[in-house]
Structure formats: structure tokens, C-alpha cells
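Asker: In this text, residue positions in the sequence shown follow full-length UniProt numbering: the first is 1, and each later residue adds one.
All C-beta atoms, glycine included, are put in the ideal place defined by N, C-alpha and C.
I have a structure I would like to understand better, so I am pasting it below and will then ask my questions one at a time.
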Amino acid sequence: MMVEAPTPSNPPLNWLRVYKMTKIDRHDAIKKISKAILILLDHDERESHLLDWWSIDESNPEFFTLSEQLQSLIASGDDLPSDIDDKKYDELILLALTSSYKGVTNVFLSKKLKQLNIGEYEVSGEIETLMPCPCCKYRTLSVLGNYEICDLCKWEDNGTSNLDTYSGPNHMTLREAKELFAKKTEKLPLDKWVKE
């Protein structure tokens, strides 16, 4: 008896078992990704995340997710500590890492889980709503006009919406930035954020 080779119209009997991906909630996916990346960070990368987040205070609700010991350390001094590689700072770095995935697509998270050899997952859950960048129109900004820098096109949103008004922080007009962005889109992770 001759056995037919499996095809899309004639899948093997165990096809569902082989190709069915495990489902995971986006918050759990982000935690897994952040923990995997934390282990890979070198001294300079740890320092960069700590520099970005060392100014966190009571005005940010995430401050209260940190241990009392770390809250106290942060509140007691403006200077970044010298013992950056100490594990006691891991929770702040994890907060920085998890925050960097706010608003990213579930498809991107699935790819990142696979890229980090965590596994193949179908990520589900509601994507946090971000504001569209005036330059690239991808939803990367937490607020508009607050000098936040778009992680995709690197436009610093100073509130400029006129295409031909020169933007000091960006050293170009919005029109020039849009043209520059259009030239490099094939090298960018366009599936990372939702487009307006």
C-alpha cells in the first residue's frame, strides 16, 4: 500500500498537535521576554536602563510596585549608584524592560518569544492604547507634544504638526522627517506598533 505525502489539503493525522501554538496572555509574554532580556544585559545596558528610570517617584504608580528597600534607595539620592550590577536593581530594570513593550503588537511579542528561544506562542490580550507619532503615524507615544521620542522613527514630539515648520529638537521639518522615515521603512520593525 502506498502512503501519500502530507499536503495542506491532506494533512497528517497529528497535524493539529504539531502546528497548534500555545496561547499566552500579553502581560505574561512581556514578563517572560523581560526576564530573558534582563539576563542578557551587560553593565552598560543595565546602567542605561537605571539612568532612564532612576528618577521614578511617587507620582508614577509603578513606583509602588518596587520593594520598599528600592523605593527608599531611589528616594534617598539623585545620583545613580555605583553597584549597578547588584541584583537588587533587577526589579527596576525589569520595570524598565516591561514598560518598553507597552503598546507593542501581539504579533511582535510572539516573534520576540520565538527569537529569544522561549517558545512559540500565540499572544492574546488588549494592546495598550498609545498616541500616534506625528511623523510615522505609528502609535508609539504615551502623550502628544511632551518631547517624547518615537521608538520607531526617532521623531521628538515637540507639538509641531505643520509639515514645513522647523523643529528645533529634530533639526529638520516634519516633512523632511517623514521623507527620511519613508526611505528607511524596510529596515524598521513596522509590525512592532499599531499604525494609526
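In angstroms, rounded to a whole number, what distance separates the CA positions of Leu73 and Ile24?
Answerer: The residue labelled residue 73 in the question sits at position 73 within the sequence shown. The residue labelled residue 24 in the question sits at position 24 within the sequence shown. The alpha-carbon atoms of Leu73 and Ile24 are separated by roughly 35 Å.
Asker: Quick one: residues in its chain with C-beta nearer than 6 Å to the C-beta of Met131, no 5 flanking neighbours on either side, listed in chain order?
Answerer: As a working mapping, residue 131 is identified with position 131 in the sequence shown. Leu141, Leu144, listed in sequence order.
Asker: Taking all protein chains shown into account, decide if Tyr147 is buried (16 or more other Cβ within 10 angstroms of its Cβ) or exposed.
Answerer: Along the sequence shown, read from residue 1 onward, the residue named residue 147 stands at position 147. Exposed, by the Cβ-count rule.
Asker: Applying the criterion that 16 or more other CB atoms from any shown protein chain within 10 Å of the CB defines a buried residue, is Val104 buried or exposed?
Answerer: For this step, residue 104 is matched to residue 104 along the sequence shown. So Val104 ends up on the buried side.
Asker: By how many angstroms is the C-alpha of Leu152 removed from the C-alpha of Leu109?
Answerer: In the sequence shown, residue 109 corresponds to position 109, counting from 1. In the sequence shown, residue 152 corresponds to position 152, counting from 1. Using only the alpha carbons, I get a separation of about 16 Å.
Asker: Can you tell me the Cα-Cα spacing of Thr65 and Asp90, whole angstroms?
Answerer: Against the sequence shown, residue 65 aligns to sequence position 65. Against the sequence shown, residue 90 aligns to sequence position 90. Approximately 13 Å between the Cα atoms of the pair.
Asker: Does DSSP classify Val143 as helix, strand or coil?
Answerer: Residue mapping note: residue 143 aligns to position 143 of the sequence shown, counting from 1. Val143 falls in the coil class under three-state DSSP.
Asker: To which residues of the same chain is Cys135 closer than 7 Å at the C-beta, ignoring the five residues directly before and after it?
Answerer: Counting from 1 along the sequence shown, the entry for residue 135 is found at position 135. The residues are Cys150, Cys153, Trp155, Leu174, Ala177, Lys178, Phe181.
Asker: In the DSSP assignment, find the unbroken beta strand (DSSP E) run with residue 229 in it and report its ends.
Answerer: With the chain covering only 1 through 196, there is no way to say anything about residue 229.
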